[in-house]
Every structure is written in structure tokens, then in C-alpha cells.
Amino acid sequence: MAFRPVHSWEELYFYNAYLKDRIMNEPVKGNRFLNDVRNIAFQMASLSEVREAEEDIVYHIVRTLCETRRPPETRKYWKDEFRRTSKWEPDELERQLFGAALCTNTISFIRSSDTLRNNMLSNPTSPRNSCVFGEHIELAAKYGSEELLEYLLTDGASIASPDLKSELFKFAAKAGRIEIVRFLCNFRSEEWPWPFEGDIKAMRRYLRDILMGIWNPQVWDFIDNLLVSHGSHSALSDMLEHKLSTCARVNYLSMAVHLVRLGPDTEEPPSWFSGGVYTSAIGYAAMRGCLPLVELLLEKGANSEHTLATAVVYGRAKLLNVLLDRGIKTSDAMVGSRQSPEPAQLLPNFKFGPYLDVVRLLLDTGVDVNESIGKESPLAWAIAAEHTALFKFLLERGANLHSPGTAEECVRRAKQDDLESMLSLLEQHGVNVKDCSEQAA
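Written out as C-alpha cells, the structure reads:
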């Protein structure tokens, strides 16, 4: 289960928590990989200087190691390892231990691993300098303390690697570690200038690549100011639409709000390729039910015509209520592309529902309970979802079960999924299930 494709941060956090508990409680003769990760955690705990019970230290280490599964490529690596039945070779085990030491700031182990440390410092981007938890250089940047990073940067092998500081800086920025970003930027800046010093184009490519992967407002401002101070213009003007839409889609709320506040005061005119910076993002924000962001985008002039339908599709009752309170009319709701939108029929416009609270709001606002009949009837959706309460509520509000094609569609959906309870419910409300079934056929 923990290795299924992940579609949201909530799912990822859930799977990581599940995996952490599996690792902590896996039988000794159980899955080899889970036992290996637990043994690595015990080894790191034995070297820890933290004054806690060993079990607590191991628990925190396992949690940290599970958090490294965020990138898709790392999750795939874990999935492959989960199926492994043979032991790690000694050099492979050493690479895993070295990666765990970087995640946990176990400097004593890193000092003792001369070969792996020197390999990482002399060639930070080599595929050999990685483990199941990720690339060694990235782990150092994401989890390393200032003490650990200073040790790595001043070790003899690192002097021969001009890319080391810039690689650490890049990964620390993408991890949102503002204090480490400042530390690395200022560390021996006069002795070790940036590799792109004096080359504005190279500098812009490097910093823009970092900005594309940044979701922390403070780090964004720091990197963008660095761009400007080196003679370039702010990245906001040509990155705003992409970054804002991405933040809204994956629910980086603080970053999205920050970008909106930095952006233009009003929506830009739509083009053939874009409905506008803020309008492009509001659909994703509505999909996620991000109330503060939706309201901010509306204040900036985002087109609201698709937000009602999106709120209905994804069951965002609170958002729907806010939109209606703002005076947005259900009759203005649209679906389809922004180039050729069509009026939306809201009651059958469900993707994951239907949702009783959303339906109640729509009907209270004046939506006709019989606006859709037959295959698109909300009664049919209620039957398909085995939502007895919604079915009865719709009937109470005047839905016509005997409108053309509606009873037949209800029976068809109930038969299709063997929903005997729904067939019984239909019979209780005067539907001849057998006759309707034959007519539908």
C-alpha cells in the first residue's frame, strides 16, 4: 500500500506514517528491507550524542528516513528495495549508512567513512554517490547542520570541487532551509566566488532553476534578490503564472499567497494561451478548497465563472458558500475550456460525490432540482453512490423520479453495481424495477 502512486501531500504523509510504523514493528524474520532500515536507525542511534532513550532516538531517525521518500524516484527505489530478498553487499550497506549519517548529522560516522566522503566531495553529482534515501549531496543539504556543512566544505577533498558549494546551496534552497541558504551563500564568499561570477546568463540559468523548485516565501525572496543584485531582473514577471498555478495545484498555500501579493494588482487581459495569471490558478485553488487563496485571487480580479462548478465537482461546501455569499450567481457557472465555455448544470456536475451539503446549498440558492433528468439526474448519482439520505432529500425537495428516463437510469446504475439495497429503495418509492430494467435494456 505504501508504494502506490501519490496524488497529494496528505497521501504522502499518511503512507510515510504507515511505513514508519511498519519499520518499527516489522518482525525480525519479516521483510528484509524494513529490517535493514530499522537496523540502520539503531546503528545511527548508537552513535548519537542526544540524551534520550534509545527507542525514542530510533523512532525519530526512522521518521526522518521515511521523509526522504518525497521525490518520485526515491519512492520507486524504496519500492524496488521492498521486494529485495538478498543481503546488501558490504559496499552497498556502507552507502546506505553514510546516507543515513547525513540525514541525522552523525558526523563521527562521516569522518570515519573516508572513501565515501571523498567521493561525494570530489564528484557531488556522480550516481555512485547515492543511496536508498537519495543523493548524498542532496541529503547533506536537506538535513545537514551548519557544523556538518562547514566540515564538508573545509575537508581537503572539497577544495578540488568548485561545484560543491553551489550544489549544496541549490538543494538547501529547494528544501526551504532559509538559514542554511544564508549560511552557504556567505560562507567564504570572497575565497570561493560562485562558478558563474561575471557570467549573467549562467547565473540566471542557475538561480532560475532553483526558483522553479522553491516553495518557501523567504527562500524565494532571497534567491530573487540575489538575481537582481547580480544585474538581472526579477524572475517574478515571467515565472508567476507557472509558479502560482503549481502552488495552487499542490496546495503550497503560503507560497501561493506570497506570489499573489507580489504580483500585479489586477488580472492581466486573457490571451489565446492563458486566461490570465490569477484566473489560471483559481481553478486549482478551488479544486483544493483553498479558501484564503481563492478569495485573494478573486480580489485580484480572477475570473470566477469556473469556480462554482469546480467547487461542486470536488465537494467544497465551505468554498461554495463563500462564493455564493460574494454574489456569484449559479446561473453564471461555466464548464469546459476557457476558449469555449458552456453553461454548467451544477446538480449532476459531480466527479467524486455527490455531496449532500453541496446539493442542499445549491437548492437553497434556487437551482432547479429537476434541471437534469434521465442519465444526468442527481437521483441517479445518489443511487450510484448508495447515498440513501441524498436520494430521499432530493425527493423531499421535489425531484421527479418518474421524469423521462430517470427511473430507468436509477435502476440501470443499481443493477450495474449489484446494489440490492438501492433496488429495494427504488421499489419503496414506486419504481417497477423489473419493467424499468427491461426498458433500459
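Residues in the sequence shown are numbered consecutively from 16, following the working numbering. Backbone N, C-alpha and C define an ideal beta-carbon position, used for all residues, glycine too.
Strictly by DSSP, which residues pair up with residue i?
{"i": "Met349", "result": "Pro358"}
{"i": "Gly149", "result": "Cys146"}
What residue range is occupied by the uninterrupted alpha helix (DSSP H) comprising residue i?
{"i": "Tyr166", "result": "161-169"}
{"i": "Ser127", "result": "122-127"}
{"i": "Pro139", "result": "Where Pro139 is concerned, there is no enclosing alpha helix (DSSP H), given that its DSSP letter is neither H nor E."}
{"i": "Gly230", "result": "Note that residue 230 is Trp in the sequence shown here, rather than Gly. Taken as a continuous stretch (DSSP letters only), Trp230 belongs to no alpha helix (DSSP H), as it is neither H nor E."}
{"i": "Trp207", "result": "Looking at the DSSP string, Trp207 is not in any alpha helix (DSSP H), and its letter there is neither H nor E."}
{"i": "Tyr299", "result": "292-303"}
{"i": "Trp103", "result": "It is not in any alpha helix (DSSP H) - Trp103 carries neither H nor E in the DSSP assignment."}
{"i": "Ser269", "result": "268-277"}
{"i": "Ala250", "result": "Neither: Ala250 is in no alpha helix (DSSP H) and is coded neither H nor E."}
{"i": "Pro363", "result": "Run containing Pro363: none; DSSP gives neither H nor E here."}
{"i": "Phe186", "result": "178-189"}
{"i": "Asp372", "result": "371-380"}
{"i": "Glu314", "result": "306-314"}
{"i": "Ile343", "result": "From DSSP, Ile343 is part of no alpha helix (DSSP H); its letter is neither H nor E."}
{"i": "Ala60", "result": "47-61"}
{"i": "Thr325", "result": "322-328"}
{"i": "Glu442", "result": "435-443"}
Within 10 angstroms of its Cβ, does residue i collect 16 or more other Cβ (buried), or is it exposed?
{"i": "Pro139", "result": "buried"}
{"i": "Asn25", "result": "This sequence places Glu at residue 25; Asn is not what is there. The residue in question, Glu25, is exposed, as its Cβ has fewer than 16 Cβ neighbours within 10 Å."}
{"i": "Pro105", "result": "exposed"}
{"i": "Pro358", "result": "exposed"}
{"i": "Leu62", "result": "exposed"}
{"i": "Ile229", "result": "buried"}
{"i": "Asn240", "result": "exposed"}
{"i": "Trp287", "result": "Because Trp287 carries a pLDDT of 49, less than 50, the predicted location of this residue cannot be relied on, and the following value inherits that uncertainty. Exposed."}
{"i": "Ala367", "result": "A quick correction: the sequence has Phe, not Ala, at residue 367. Looking at its Cβ environment, which holds fewer than 16 other Cβ atoms inside 10 Å, Phe367 is exposed."}
{"i": "Val52", "result": "buried"}
{"i": "Asn31", "result": "buried"}
{"i": "Met227", "result": "exposed"}
{"i": "Ile215", "result": "exposed"}
{"i": "Asn364", "result": "buried"}
{"i": "Arg99", "result": "exposed"}
{"i": "Lys180", "result": "buried"}
{"i": "Val374", "result": "buried"}
{"i": "Thr322", "result": "buried"}
{"i": "Ala422", "result": "buried"}
{"i": "Pro42", "result": "exposed"}
{"i": "His257", "result": "exposed"}
{"i": "Tyr33", "result": "exposed"}
{"i": "Glu442", "result": "exposed"}
{"i": "Asn231", "result": "buried"}
{"i": "Ser123", "result": "exposed"}
{"i": "Gly290", "result": "buried"}
{"i": "Thr403", "result": "exposed"}
{"i": "Val196", "result": "buried"}
{"i": "His273", "result": "buried"}
{"i": "Gly445", "result": "exposed"}
{"i": "Leu405", "result": "buried"}
{"i": "Thr130", "result": "exposed"}
{"i": "Ser387", "result": "buried"}
{"i": "Ala175", "result": "In this predicted model, Ala175 has a pLDDT of only 44, less than 50, meaning its place in the structure is not dependable enough to derive any value."}
{"i": "Lys91", "result": "exposed"}
{"i": "Gly191", "result": "buried"}
{"i": "Glu205", "result": "exposed"}
{"i": "Gln431", "result": "exposed"}
{"i": "Arg341", "result": "exposed"}
{"i": "Gly278", "result": "buried"}
{"i": "Ala217", "result": "exposed"}
To the nearest whole angstrom, what separates the beta carbons of residue i and residue j, a pair I think is in contact under 8 Å?
{"i": "Pro419", "j": "Pro393", "result": "Wrong, their Cβ atoms sit about 15 Å apart, outside the cutoff."}
{"i": "Tyr293", "j": "Glu310", "result": "The pair is not a contact, with the Cβ atoms about 12 Å apart (cut-off 8 Å)."}
{"i": "Phe97", "j": "Phe48", "result": "5 Å"}
{"i": "Ser145", "j": "His151", "result": "6 Å"}
{"i": "Ala326", "j": "Ile297", "result": "That belief does not hold up - the Cβ atoms of Ala326 and Ile297 are roughly 11 Å apart, past 8 Å."}
{"i": "Asp347", "j": "Glu320", "result": "6 Å"}
{"i": "Asn385", "j": "Ala414", "result": "6 Å"}
{"i": "Met349", "j": "Tyr329", "result": "So it is not a contact: roughly 16 Å between Cβ atoms."}
{"i": "Tyr299", "j": "Ser269", "result": "Actually they are not in contact, since the Cβ atoms of Tyr299 and Ser269 sit about 15 Å apart, beyond 8 Å."}
{"i": "Phe148", "j": "Thr83", "result": "4 Å"}
{"i": "Ile225", "j": "Ala188", "result": "5 Å"}
{"i": "Leu255", "j": "Arg219", "result": "About 16 Å separates the two Cβ atoms, so there is no contact after all."}
Exercise. Fully enclosed by the segment 382-426, which alpha helix (DSSP H) runs are 4 residues long or longer?
Worked result: Correct list: 393-399, 403-411.
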